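Structure first, then comments.
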Amino acid sequence: MLEPLRGWARELGFSQIGISGVDLSAAEPGLRAWLEAGFHGSMQYMAAHGMKRARPAELVPGTVSVIAARMDYLPPGTPDGWQRIEFERLGQPLQAGVSMYARGRDYHKVLRARLQKLADRLAAAVGPFGHRVFTDSAPVLEVELATRAGLGWRGRHTLTLARDAGSTFFLGEIYVDLALPHGEPAQAHCGGCSACLDACPTQAIVAPYRLDARRCISYLTIEHDGPIPVELRPLMGNRIYGCDDCQLACPWNKFAQRSPLPDFEVRAHFEAPTLLQLWGWSEAEFLSRTEGSPIRRIGHERWQRNLAVALGNALRAGLQEADEAAVRQALAARREAAGELVREHIDWALAQAGQALPALT
Ligand code: SF4
Ligand code: SF4
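Throughout the sequence shown, residue numbering follows my numbering, covering -17 to 343 in sequence.
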């Protein structure tokens, strides 16, 4: 059954699938320690499911196997040397840094629909069976399942890495009540490398395989809903939605694969946006221009909060006189109508010109 399953998965745009069992007890101490350290920050949903995350059969009773699937997301036209291009963008204070995975269609929709189609194809072949599909879902230990299914290993940055695909892919899972033959866990190939730890702007990877989400720019710009900690703001540079630095630095991403799906084509608004263009969007423009995009999920207030931080960092970096005046004017123009959260970030931003970068603690 595995070979036909692989063929259907490929037809649906998945690059690889594998099968994991459901005994993840070896991962429980690490998960418990991560939660006890508070590294999940304000993502209460992470703690809410407790050890159910490591116990698929408790989350979905009857589950005996998990089909883990990989879907590459680099946009089809991504040029060679894309890591250098991305690092250069991050070095230009007035450009907006948007994580590569988020520039096209919302992957939740793409993966969920295709995982369901894969389950339907399997059901057509073997008869009805119990199942549930997940992608990027809090109660699932995705990286652990992917590793056990043989899709890759857990890199020191905590993401899944594959020798033939780096880390630029999404993961999805189908919990099934079918006994399927399990794959062999993938071997780790990080060797003596520590490039991701060195590259992280906020030192969020506090030790190999240990991510303090509270310091991670992806968490701060997407998941976190309050004020961004003042000490971390200057370290965020122009990253306004997610962060790719640990992946850009990873040598395995020279093998990153382009997606065959048009869904992940870069949308026009995210080709090479500037901070001031995005800052100028009204809430109605934000909602219409991010329709069907994962970015829409954060809402206009967090979007503006993130942009205010990046504009403050642009002022801190030192701009030409005309650019500085334009940034100041744009920030001030929105201050009056802004809510408390955004206004506080605007005030912070306006105070950044001439400030030194703080030392990391
Ligand atoms: S996403 Fe960015 S901030 Fe988060 S761990 Fe990677 S490099 Fe650090
Ligand atoms: S940068 Fe190096 S240590 Fe980090 S995940 Fe990649 S290979 Fe592993």
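Even for Gly, the Cβ is constructed at its ideal location relative to N, Cα and C.
None of these values were measured; they are calculated from a predicted model.
query                                                                                                                                                                                : result
Starting from the Cα of His171, find the closest Cα among Gly165, Leu143 and Thr256 and give me that residue.                                                                        : Leu143
Does the beta-carbon of Ala161 have 16 or more other beta-carbons within 10 angstroms, so that it is buried, or is it exposed?                                                       : exposed
Can you tell which of Glu247, Met(-17) and Arg192 has the C-alpha that lies nearest to the C-alpha of Asp88?                                                                         : Glu247
Which complete beta strand (DSSP E) runs does the segment 68 to 125 hold, if anything under 3 residues is left out?                                                                  : 113 to 117
Phe252 and Val80 look like a contact to me (Cβ under 8 Å); what is the Cβ gap, rounded to whole Å?                                                                                   : 5 Å
Alpha carbon to alpha carbon, how far is Gly294 from Trp330?                                                                                                                         : 7 Å
If contact is defined by three or more beta carbon pairs under 8 Å, each pair taking one atom from either stretch, is the segment 226 to 233 in contact with the segment 295 to 312? : no
For Gln(-2), name the three-state secondary structure that DSSP assigns.                                                                                                             : strand
Checking 8 Å against the spacing of the C-beta atoms, do Pro244 and Ala84 come in under that value?                                                                                  : no
By a C-beta neighbour count over all protein chains shown, 10 Å radius and 16 as the cutoff for buried, is Pro183 buried or exposed?                                                 : buried
According to DSSP, Arg52 sits in a beta bridge with which residue or residues?                                                                                                       : Gln(-2) and Leu153
Buried or exposed: Arg138, going by 16 or more other Cβ atoms within 10 Å of its Cβ?                                                                                                 : buried
Within 7 Å: the Cβ of Pro233 and any heavy atom of ligand 2?                                                                                                                         : yes
Out of Gly109, Cys225 and Ala292, point me to the one whose CA is closest to Met82's CA.                                                                                             : Cys225
According to the neighbour-count rule (16 or more other Cβ atoms, all chains shown, within 10 Å of its Cβ), is Ala186 buried or exposed?                                             : buried
Between Gly(-5) and the rest of its own chain, which residues show a CB-CB distance below 7 Å, the 5 nearest in sequence each way excluded?                                          : Met53, Arg96, Pro242 and Leu243
What did DSSP end up calling Gly148 once you bin it into helix, strand or coil?                                                                                                      : strand
Quick one: using the 10 Å Cβ neighbour count with 16 as the cut-off for buried, is Phe111 buried or exposed?                                                                         : exposed
Under a Cβ-count criterion, where at least 16 other Cβ atoms within 10 Å of its own Cβ denotes burial, should Leu339 be classed as buried or exposed?                                : exposed
When the Cα of His344 is compared with those of Ile(-1), Ala120 and Glu18, which residue comes out closest?                                                                          : Here the chain covers residues -17 to 343 and nothing more, so residue 344 does not appear.
Compute the Euclidean distance between the alpha carbons of Glu155 and Glu303, then round it to the nearest angstrom.                                                                : 52 Å
Could you give the C-beta distance for Ala50 and Gly0, rounded to a whole number, given that I count them as a contact under 8 Å?                                                    : 5 Å
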